[in-house]
Amino acid sequence: MAYRLVTTALKNKYGSDIELAAYEDILAQEIPEEYGDVKSKAEFE
């Protein structure tokens with residue numbers, strides 16, 4: 001939903017001919033967070 005709000009706002013401001021990245025392309029670029037940090041894991045146990 002946030003993607004749709006942002007793209008709509010950008011198109012309203014800059015015109016409908018602006019090229020924006022597809023949502024799938026944005027997701028493909030994401031780097032997953034790593035939770036394998038041993039030190040922080042030990043603090044929660």
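Just so it is clear: in the sequence shown, position 35 is 35 by the UniProt record's numbering, and no numbers are missing.
For each residue, glycine too, the CB sits at the ideal point set by N, CA and C.
Note the first and the last residue of the continuous alpha helix (DSSP H) segment covering residue i.
{"i": "residue 26", "result": "23–29"}
Which residues in the same chain as residue i place their Cβ atom closer than 8 Å to its Cβ, once the five residues preceding and following it in sequence are excluded?
{"i": "residue 4", "result": "none"}
{"i": "residue 18", "result": "10 and 11"}
Mapping DSSP to helix, strand and coil, what is residue i?
{"i": "residue 20", "result": "coil"}
In chain order, what residues of the same chain lie with their CB nearer than 7 Å to the CB of residue i, ignoring the 5 residues before and after it?
{"i": "residue 31", "result": "none"}
Once you ignore the five residues that flank residue i on each side, which residues in its own chain have a CB closer than 6 Å to its CB?
{"i": "residue 20", "result": "7"}
Please name the residue in the options whose C-alpha comes closest to that of residue i.
{"i": "residue 2", "options": "16, 13, 14 and 23", "result": "23"}
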